[in-house]
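To keep things clear, I will list the structure first and then write my remarks on it.
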Amino acid sequence: MKRIIVLITLLVAVLIISACAQPTPKVVEKEVVVTQIVKETVIVEGTPQVVEKQVEVTKIVQEVVTATPVPKEPVVLRYADKAADLGTMDPHFAAATNDRNLVDMIFNALVRYKPGDGTQFEPDLAESIPVPEIVNGKQVWTFRLRHGIMCHPSDAVPSYELTADDVVFSLNKSATADTSAYAGEYSGMSVDKVDDYTVKVTMEQPISPVLFLPKVADYAGGFIICQKPYEAMGAEEFKTHPVGTGPFMFDSYSPQEKVVLKANDSYFRGRPLLDAVEYRFMPELNSRELGLRSGELDVINGAAEGQWVKRMNQEDGIRVDVYGVGEVATIHFNLTRPPLDDVRVRQAIAYALDRDEFLALFGAPVAANVYSQVPAQFLAGGLTKKEVDDLGLEYALNIDKAKQLLADAGYADGFSLEMVSSERESYLKNYQSMQAQLAKVGIKIKINTVDHSSMHKLIREDVNPIVIYVAWRPNADVYLTRFYHSDSIVVTGAKPDTNFSHYTGIDDLIEEARVELDPDKQIDLWKQAQIKLLTEMISYPLQYQNQVTARWDYVDYGHVLKSALALYPQITENTRIVK
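Position in the sequence shown counted from 1, then plus 479, gives you my numbering.
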């Protein structure tokens, strides 16, 4: 009976250990030599006597053993972007695509664009998306924060719970020109703490949810940073040591090589399925492609070319994703630089350019022509090709007319310009095509190629007479405000942003449309603004370019990929590697 109890106890122990450990324990038998005391009867002087003595015996015993645990390999996603280096990981200055990609993994906002679908909003740090109230003629949005959201730990400050103080601090930072590139978006907005988990956002002039929600979403100034580490380390250090609340935390940065992010074990939506993300800087397409083919990389930023998409999709095990949002490439003319201050010169350049020649550089399904500053294919308020044709503002290719306009302006022999371009194909190809096309009417362009982050810095310092800029914005108001409102003029504007043209002619239309609550009237005002831009040829819209990434088929993003304002497939807590 005692032996049965011992065996049952041993079996229970084995089962418990099996449930809790890896690899599975097992019972083994082995021989052991033990010393025992035995009694025997001996004859001493004719008399039987019982004596004890020690003897060695061999026994078979059972033992529970576990193999030496094999260390688990961390699950790391290796992503390569076409940028040469990091610009900044302060989300309120992140403008380059690579910077936007990184801050998307590190930070959250009050609301977010649904991962993989940039057309839908859903709650993020907030428990829900509120319905605004009108109080004394002002529009009030009251956000209630989730409890238990933790700011990442850092060398400067331990992890702590995010509260309304962080939200108020962050949105005020976004609204301040010295600490944000997006300050112009927050004019007429105030933010107040109600209690630790409640924030009130007040708009002086009521606006539609379509215009308001992007201001507090996970895009540009809407990202929420953690106040204590920002103040402890300072603005400069924060750019390379960001602290947020997102699924991944900053781990390390190797200049011109990579940024490593690690899983946030305390993420409020659950620990990520990936242990880390290696975000590598590889400006050469051939290097990225070779890295993907060899298995050194899992996902790469691809080429915005239809032929490349077709070729890579034929590779065994590799999948190419083509998805929105379609970034719009636009040629901006600096009105402060002669001879571009003459409308005839700007119109001449427009007539000398062929949209289809630019488009051929990219091709379907990657790109398509656009005819107004707001892309009509995606957003309300844009002008269609037919509308532009009917207005006589398409500026279809007409070399003779271009030469005549140049002659009328006193530049029959042309002129010379010098400008910088990013090394990225989406920029450089357009600049080079413009260079070749304008040479036919005597305009000579010298292009100095720099890395992508440097280009962003230089064009904001107003070095270019002509800027080609490739960008997506969430609505017509943001396109028109950031590129054409006088407050947004680079360097000299009240809130400098991306008005490279130094244009001041549509402020009234932008501001009137922003507060117009009738959708039809609002759209009409946006169209009026763009008709003026095209008439004066302030900028020349080229094409939209979809996003292109290639991945091994074992990469599962964790969502259906339709569009992403972060301009990459979006790596979230649900992204995984399935091999």
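Glycine residues also receive a C-beta, built at the ideal position from the N, C-alpha and C atoms.
Contact under 8 angstroms by Cβ, residue i with residue j
i	j	result
S1018	I703	no
D956	R903	no
D564	P734	yes
L996	P685	yes
A605	L624	yes
Q1009	V853	yes
T960	V969	no
S633	H720	yes
T724	F586	yes
G627	E612	no
V647	V670	yes
A451	T658	Lying outside 480 to 1058, the shown extent of the chain, residue 451 is not represented and no answer is given.
Y906	P1020	no
F727	A711	no
L776	R767	yes
Opening and closing residue of the alpha helix (DSSP H) in which residue i lies
i	result
K936	931-939
Q1049	Looking at the DSSP string, Q1049 is not in any alpha helix (DSSP H), and its letter there is neither H nor E.
N943	Where N943 is concerned, there is no enclosing alpha helix (DSSP H), given that its DSSP letter is neither H nor E.
I608	From DSSP, I608 is part of no alpha helix (DSSP H); its letter is neither H nor E.
I878	878-887
Y906	904-918
V420	The displayed coordinates of the chain run from 480 to 1058. Any statement about residue 420 would go beyond what the structure contains.
N587	No alpha helix (DSSP H) holds N587; DSSP gives it neither H nor E.
F717	714-717
Whole-Å CB distance - residue i paired with residue j, under 8 angstroms assumed
i	j	result
N943	M913	Contact flag wrong, Cβ pair sits at about 12 angstroms.
V722	D730	The pair is not a contact, with the Cβ atoms about 12 angstroms apart (cut-off 8 angstroms).
G984	K1006	No, G984 and K1006 are not in contact; Cβ-Cβ is about 15 angstroms, not under 8 angstroms.
L581	M568	6 angstroms
G781	A1029	5 angstroms
V807	Y1023	5 angstroms
Y592	A696	6 angstroms
H981	L819	In fact, because the Cβ distance is near 10 angstroms, the residues do not count as touching under 8 angstroms.
R579	A1045	5 angstroms
V804	V788	Their Cβ separation, rounded to whole angstroms, is 17 angstroms, which puts V804 and V788 out of contact at 8 angstroms.
G842	W1031	Going by Cβ atoms, the distance from G842 to W1031 rounds to 25 angstroms, so no, they are not a contact pair.
F979	I938	6 angstroms
Bridge partners - residue i, DSSP secondary structure assignment
i	result
G803	S1042
F600	Y592
I704	Answer by DSSP bridge pairing: none, since I704 is not bridged.
M898	I926
F812	I945
L740	F729, V756
K679	T621, D671
V822	V822 is not bridged to any residue.
R798	R1030
A575	Note: A575 sits in no beta bridge, so no partner.
D1035	R1055
N780	T1028
Extent of the continuous beta strand (DSSP E) run through residue i
i	result
F729	727-733
V619	617-623
Y758	755-760
R557	555-560
K974	Per DSSP, K974 belongs to no beta strand (DSSP E) and is neither H nor E.
A847	846-848
P1020	1018-1031
N651	Element bounds for N651: not the beta strand (DSSP E) but the alpha helix (DSSP H), 643-653.
Buried or exposed (CB count within 10 angstroms, at least 16 for buried), residue i
i	result
V680	buried
G889	exposed
P594	buried
L917	buried
Q501	Residue placement at Q501 cannot be trusted, given a pLDDT of 47 that sits under 50; what the coordinates show is reported in the next sentence. It counts as exposed.
V521	Reliability of the predicted coordinates at V521 is poor, the pLDDT of 48 falling under 50, and no value is obtained from them.
V523	Since pLDDT at V523 reaches only 49, below the 50 mark, its modelled position is unreliable, and no value is offered.
T1054	buried
L870	exposed
T488	Summary for T488: the model assigns pLDDT 49, below 50, so the residue's position carries little reliability; its value from the coordinates is reported in the next sentence. With fewer than 16 other Cβ atoms within 10 Å, it is exposed.
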